[in-house]
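In my numbering, the protein residues as written are 67 to 467.
Even for Gly, the Cβ is constructed at its ideal location relative to N, Cα and C.
Source: prediction; values computed, not measured.
Taking it in order: structure first as structure tokens, then the write-up.
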Amino acid sequence: MLTRVVVAPSGFKESLSAEAAADAITAGVRRVLPDAEVDRIPLVDGGEGTASALAAATGGRLVSLAATGPVGEPVGTHFALLGPRDTAVVEMAAVAGLSLVPRTRRDPGATTTYGVGELIRAALDQGVRRVLVGCGDSGTSDGGAGALQALGARLLDAEGFELPHGGRELIRLARIDPAGLDPRLDGVELLVACNPFNVLCGERGVARVFGPQKGATPAQVEELSAGLENWARVLTRDLPAVGTDLRHGPGTGASGGLGAGLAALGARLLPRFDVLLDHLDLDARLARADLVVTAEGALDHQTPRGKVPAEVARRAKLYGRPVLALAGTLGEGAHQVPGVDACHGILPAPMALAEALVRGAELLTDATERALRMIVLGTRLPAPAAAQREASGTHRPSTVR
């Protein structure tokens, strides 16, 4: 019998937050198992919803302000002060996320992380001792150049002029002048919660892997890749505090290369789930489950590379718990995600992407109900005769002599 269900989804990009996804799945569970205990654990991966989730988990609060958005215009945004008030959480998606880039202006060569640097400065104004930057759901590919500019670094071309915003400008970078960097950075611990599989440069570099998702054409992908190569070279040369391989180091490609830019300031790049999930007591809650339901917008060959469903499944399997994964789309490799026992797409019929995004909660609730009814049906089927004999201790006599 299923008496305790853990609901541990990520958000569905541009459709549902992790909180909204958890609500939708819970509604579907209730239709089938009205008396079951449902433990909702909306999971954050550093992207959208990270600051609010960690503030809620620690008894902290959000600080609202305006900052420079990814297309260079002011946006309303926030950062979190966690419970003890000595740690700030800066969610880069809240100020430079893809959802803040209008579809008609999706040019990752032009978008900027300048607002991320402004949020870090605002957090420093609160007197915190630690700043945790959550990476994910970015709409940028500037290597964190904008963030460094907001923090006081000057990025200069061969003529000594300051570079404009945007990743396409990095190919012209000749020198970094760090003299104006905010001196308070030396007195705080700067941590970056990121996907360690994302690297800055090379064939698996962030421009090649994620640039097209942000609107880059094939020619722009090559332009951005070349710019990030130059960015890594100049950062390593002009900021001697760099202690990591900025081209291929784990996490350097996080959020369009923001990981590399912050690492050049001395930030520690940490696997995001090691940093974020400890606040949620996830392992202990999974251990008590009869069934674990996780979800994300897409389930495919990229899922094992640091996505929420794969991490949930890995941890659930430490306790032998069955895992159901729901997804907006099931791509190549969806059925081979380690630890996921079954996966189910939420679309009941072909439909336009715009419609699916608007109807995300409804589709997720209905899909949860369909999947749970099949699981419950399976628990009611009679065991095969051989299994029944094994359980009862009776066996057909062998005909072998």
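Taking the CB atoms as reference points, tell me whether residue i and residue j lie closer together than 8 Å.
i       : j       : result
Pro-100 : Ala-88  : no
Pro-140 : Ala-162 : no
Gly-126 : Leu-148 : yes
Ala-391 : Thr-360 : yes
Val-95  : Val-104 : yes
Gly-233 : Gly-293 : yes
Leu-256 : Ala-333 : yes
Tyr-385 : Leu-430 : no
Gly-183 : Gly-212 : yes
Asp-366 : Gly-315 : no
Ala-219 : Leu-247 : yes
Gly-322 : Val-389 : no
Arg-196 : Asp-252 : no
Ala-123 : His-345 : yes
Leu-348 : Arg-381 : yes
Ser-118 : Leu-164 : no
Asp-304 : Pro-230 : no
Ser-83  : Glu-114 : yes
Asn-264 : Gly-319 : yes
Please state the DSSP three-state secondary structure of residue i.
i       : result
Asp-248 : coil
Leu-419 : helix
Pro-388 : coil
Gly-253 : helix
Arg-270 : coil
Ala-259 : strand
Leu-82  : strand
Asp-243 : strand
Val-358 : strand
Gly-233 : helix
Arg-313 : coil
Thr-116 : helix
Val-265 : strand
Ala-93  : helix
Arg-169 : helix
Pro-375 : helix
Gly-325 : helix
Leu-214 : helix
Pro-278 : helix
Gln-192 : coil
Ser-291 : helix
Thr-431 : helix
Thr-318 : coil
Asp-349 : helix
By Cβ distance, which residues of its chain are closer than 8 Å to residue i, with the 5 residues on each side in sequence left out?
i       : result
Val-300 : Leu-239, Ala-240, Arg-241, Ile-242
Pro-463 : Reliability of the predicted coordinates at Pro-463 is poor, the pLDDT of 45 falling under 50, and the value obtained from them is presented with this limitation in mind. Closer than 8 Å at the Cβ level, and outside the excluded window around Pro-463, lies no residue.
Ile-91  : Val-73, Pro-75, Val-359, Ala-361, Leu-392, Leu-430, Thr-431, Thr-434
Glu-67  : Note on residue identity: the sequence assigns Met, not Glu, to residue 67. Here the set comprises Asp-356, Thr-445.
On the DSSP bridge assignment, give the partners of residue i in chain order.
i       : result
Glu-228 : Leu-222
Thr-143 : Leu-131
Leu-198 : Val-155, Leu-257
Ser-204 : Gly-163
Ala-103 : Strictly speaking, residue 103 in this sequence is Glu, with Ala absent from that position. Paired residue(s): Arg-70.
Leu-365 : Leu-396
His-410 : Leu-392
Leu-484 : Any question about residue 484 goes unanswered here, given that the chain covers just 67 to 467.
Might you give, ordered along the chain, the residues of its own chain that have their beta carbon closer than 6 Å to the beta carbon of residue i, omitting 5 neighbours on each side?
i       : result
Val-466 : Low confidence applies to Val-466: its pLDDT is 38, below 50, so where it sits in the model is not reliable, and the reading given next is rough at best. For Val-466, where only same-chain residues beyond five positions count, there are no Cβ hits under 6 Å.
Val-341 : Ala-259
Gly-200 : Gly-112, Thr-116, Glu-157, Ala-259
Gly-363 : Phe-78, Lys-79, Gly-394
Thr-143 : Ala-133, Ala-160, Val-161
Ala-176 : Gly-232
Glu-377 : Phe-339
Leu-343 : none
Taking 7 Å as the limit between beta carbons, can you name the residues of its chain near residue i, skipping five residues before and five after?
i       : result
Ala-298 : Leu-266, Cys-267, Leu-312, Arg-313, Ala-326
Pro-278 : Val-287
Arg-387 : Leu-352, Ala-355, Val-358
Glu-228 : Arg-220, Leu-221, Leu-222
Gly-138 : Thr-178, His-231
Using 8 Å for Cβ pairs, my map puts residue i next to residue j. What's the rounded Cβ distance?
i       : j       : result
Phe-145 : Ala-102 : In fact, because the Cβ distance is near 37 Å, the residues do not count as touching under 8 Å.
Val-254 : Leu-190 : 7 Å
Val-403 : Thr-369 : 5 Å
Ala-355 : Arg-70  : 6 Å
Ala-86  : Ala-427 : 6 Å
Gly-405 : Ala-437 : With a Cβ gap of about 17 Å, Gly-405 and Ala-437 do not count as contacting.
Leu-109 : Val-374 : 5 Å
Thr-170 : Thr-206 : So it is not a contact: roughly 17 Å between Cβ atoms.
Gly-210 : Leu-324 : 4 Å
Gly-317 : Pro-262 : 5 Å
Asn-296 : Leu-236 : 6 Å
Examine the ligand ATP and report whether any of its heavy atoms sits within less than 7 Å of the Cβ of residue i.
i       : result
Val-137 : This structure lacks the ligand ATP; in fact it carries no ligand of any kind.
Return no unless some Cβ of chain D is closer than 8 Å to the Cβ of residue i.
i       : result
Gln-192 : Chain labels in this structure do not include chain D; a single protein chain is all it has.
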